[in-house]
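Participant: Sharing a structure below in structure tokens format, with a few things to ask.
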Amino acid sequence: MKINLSPLRVEINPDFTMLFEGRKIKPNIRHLSEMKDVVLDKEFYRKVDKRARLYYMYRGLQRKEDVKIFAREKIRFDITVIPPRQLGCEFVKTAGHYHPSIKGGSYTEIYEVLRGSGLFLLQKRVGNKIKDVVIIEGKRGDKIIVPPNCGHITINKSRATLVMSNLVSSVFKSRYKPILKKHGGAYFICIDGVKKNKAYKNLPKLRKIRAKKIKNMRGNMYRLFIKNPKMFGFLNNPAKYKKLVRAGLLPKIT
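Note that the working numbering has the sequence shown beginning at 464, numbered continuously upward.
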């Protein structure tokens, strides 16, 4: 499976190794056993092989000539591949996580759908309460920003493989425990509809929106970052993100 990501040469092999600029890369693999606490359908989980591979992560991808740019800007470029499948009554999803906080809020992140389509569940947390939950539908070419203070989960409910890239700060580790403790996100995206996670109290109504166009971000994110890395300075500066939203240069999501 070739991925259109010029100037990069990227191909995903049938065994989910990646050919990146002629180099063979093995992915980090998310197994079903790691999702035990966030899978809604416990009967399904009890019966199936816990070694099942759910999705594949290729982190810190960069051309040799771009290493210094990524290091200087403290940014990382990743690709995630999520084949279609069902987790019992749910569609396949990522484990979900939050980002740590710095001055101005938690770190942000930006995704781009490279192939297929996906749902991006964002849940805004203020203190210990969830104040807003939104599902963003993303299709090929769409870019989705995770705002400050939002946990996020990606769901593939289509019959096609979802391939997405992301740019994110390289200075922190994602925080999975808050979502694990709640046994998943605020809502479950199931085959027969959306279900509230009963572990959360007083949830706001789920909002559904389409991905919004981002001004001055035409083309794939790798190319954009190499051409103008300062465009993504908000990834290490939540206050800058908020300023760009107020100026209308980034979409307001939550």
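For glycine and all other residues, C-beta sits at the position ideal for the given N, C-alpha and C.
State the beta-bridge partners of Tyr519 as determined by DSSP.
Facilitator: Counting from one through the sequence shown, the residue named residue 519 turns up at place 56. DSSP lists Ile492 and Val544 as partners of Tyr519.
Participant: In chain order, what residues of the same chain have a beta carbon less than 8 Å from the beta carbon of Pro667, not counting five sequence neighbours either side?
Facilitator: Translated into positions along the sequence shown, residue 667 becomes position 204. Taken in chain order, the residues that qualify are Ile593, Lys594, Asp595 and Val596.
Participant: Keeping to the same chain, check which residues put their C-beta closer than 7 Å to that of Ala707; ignore five residues upstream and five downstream.
Facilitator: Position 244 of the sequence shown, counted from the start, is the residue given in the question as residue 707. The question names Ala, but residue 707 is Leu in the sequence shown. Same-chain partners within the cutoff: Phe697 and Leu713.
Participant: How would you write the range of the beta strand (DSSP E) that Arg509 sits in, first residue to last?
Facilitator: In the sequence shown, residue 509 corresponds to position 46, counting from 1. Note, Arg509: premise wrong, no beta strand (DSSP E); alpha helix (DSSP H) at Lys505 to Lys510.
Participant: Mind checking whether Tyr518 and Ile542 have CB atoms under 8 Å apart?
Facilitator: Within the sequence shown, the letter at position 55 stands for residue 518. Within the sequence shown, the letter at position 79 stands for residue 542. Contact flag unset, no.
Participant: Pull up the DSSP beta-bridge partners for Asp595, would you.
Facilitator: If you number the sequence shown from 1, residue 595 lands on position 132. For Asp595, which the question treats as bridged, DSSP gives the partners Lys587.
Participant: Would you check if the distance between the CB atom of Leu584 and the CB atom of Ile598 is smaller than 8 Å?
Facilitator: Taking the sequence shown and counting its residues from 1, one reaches residue 584 at position 121. Taking the sequence shown and counting its residues from 1, one reaches residue 598 at position 135. Yes. Within cutoff.
Participant: Figure out for me which residue from Phe533, Lys664 and Ile618 has the closest Cα to the Cα of Lys556.
Facilitator: Here residue 556 is taken as the residue at index 93 of the sequence shown, counted from 1. The shortest C-alpha separation from Lys556 is found at Ile618.
Participant: Where in the stretch 681-705 do unbroken runs of the alpha helix (DSSP H), each at least 4 residues long, occur, reported from the N-terminal end onward?
Facilitator: Counting only runs of 4 or more, we get 684-690.
Participant: Kindly indicate which three-state DSSP category Val626 falls into: helix, strand or coil?
Facilitator: Locating residue 626 in the sequence shown gives position 163, where the first residue counts as 1. The answer is strand: DSSP assigns Val626 an E or B state.
Participant: Quick check: the Cα distance between Asn612 and Asp655, rounded to an integer number of angstroms?
Facilitator: Stepping through the sequence shown from its first residue, residue 612 is reached at position 149. Stepping through the sequence shown from its first residue, residue 655 is reached at position 192. Between Asn612 and Asp655, the C-alpha separation is close to 30 Å.
Participant: Name the two residues that bound the continuous alpha helix (DSSP H) containing Arg535.
Facilitator: Counting from one through the sequence shown, the residue named residue 535 turns up at place 72. Note, Arg535: alpha helix (DSSP H), Val530 to Glu536.
Participant: Which residues in the same chain have their Cβ closer than 8 Å to the Cβ of Thr480, if we skip the five residues on either side of it in sequence?
Facilitator: Position 17 of the sequence shown, counting from 1, holds the residue named residue 480. So the list reads Lys487, Ile488, Lys489 and Pro490, once near-sequence residues are dropped.
Participant: Quick one: is Asn629 buried, meaning 16 or more other Cβ sit within 10 Å of its Cβ, or exposed?
Facilitator: Position 166 of the sequence shown holds residue 629. Buried, because 16 or more other Cβ atoms sit within 10 Å of the Cβ of Asn629.
Participant: Should Ile672 be labelled buried (16 or more other beta-carbon atoms within 10 Å of its own) or exposed?
Facilitator: Translated into the one-based positions of the sequence shown, residue 672 becomes position 209. Answer is exposed; the Cβ neighbour count stays below 16.
Participant: Using the rule of at least 16 other Cβ atoms within 10 Å of the residue's Cβ for burial, across every protein chain shown, is Val476 buried or exposed?
Facilitator: Along the sequence shown, read from residue 1 onward, the residue named residue 476 stands at position 13. The sequence as given places Asn at residue 476; Val does not occur at that position. Asn476 comes out exposed.
Participant: Out of Gly590, His615, Val626 and Pro610, state which residue places its alpha-carbon closest to the alpha-carbon of Arg603.
Facilitator: If you number the sequence shown from 1, residue 603 lands on position 140. Cα-wise, what sits closest to Arg603 is Val626.
Participant: Quick check on the DSSP output: the beta strand (DSSP E) that includes Ile573 runs from which residue to which?
Facilitator: As a working mapping, residue 573 is identified with position 110 in the sequence shown. Note, Ile573: beta strand (DSSP E), Glu572 to Arg578.
Participant: How about Ile492 and Gly559: are their beta carbons less than 8 Å apart?
Facilitator: Reading the sequence shown from its first residue, position 29 is the one you call residue 492. Reading the sequence shown from its first residue, position 96 is the one you call residue 559. Going by C-beta atoms, Ile492 is not nearer than 8 Å to Gly559.
Participant: Using the Cα positions of Arg526 and Pro470, report the straight-line distance between them to the nearest angstrom.
Facilitator: As a working mapping, residue 526 is identified with position 63 in the sequence shown. As a working mapping, residue 470 is identified with position 7 in the sequence shown. Looking at the two C-alpha atoms, the distance is approximately 9 Å.
Participant: Suppose the cutoff is 6 Å on Cβ atoms and the five residues either side in sequence are ignored; what does the same chain contact list for Gly581 look like?
Facilitator: To locate residue 581, count along the sequence shown from 1; it is residue 118. Answer for Gly581: Gly601, Thr617, Asn619 and Leu625, listed in chain order.
Participant: Going straight from the alpha carbon of Phe507 to that of Arg535, what length do you get?
Facilitator: The sequence position of residue 507 within the sequence shown is 44, counting from 1. The sequence position of residue 535 within the sequence shown is 72, counting from 1. About 46 Å.
Participant: Out of Tyr685, Glu575 and Arg681, state which residue places its alpha-carbon closest to the alpha-carbon of Val609.
Facilitator: To locate residue 609, count along the sequence shown from 1; it is residue 146. Considering only alpha carbons, the answer is Glu575.
Participant: I think Lys499 touches Ala702, with their Cβ atoms under 8 Å apart; what is that distance to the nearest whole Å?
Facilitator: Taking the first residue of the sequence shown as position 1, residue 499 is located at position 36. Taking the first residue of the sequence shown as position 1, residue 702 is located at position 239. Between Ala702 and Lys499 the Cβ distance is about 37 Å, and since that is not below 8 Å, they are no contact.
Participant: In chain order, what residues of the same chain have a beta carbon less than 6 Å from the beta carbon of Tyr561, not counting five sequence neighbours either side?
Facilitator: Mapped onto the sequence shown, residue 561 falls at position 98. Excluding sequence neighbours, Tyr561 sits near Gly614, Arg638 and Pro641.
Participant: Please report the straight-line C-alpha distance between Leu482 and Ile538, rounded to a whole angstrom.
Facilitator: Position 19 of the sequence shown, counted from the first residue, corresponds to residue 482. Position 75 of the sequence shown, counted from the first residue, corresponds to residue 538. One C-alpha to the other measures close to 22 Å.
Participant: Enumerated in chain order, which unbroken segments of the beta strand (DSSP E) with a length of 3 residues or greater are wholly contained in the stretch 644-676?
Facilitator: Listed in chain order, they are 650-653, 656-659 and 669-673.
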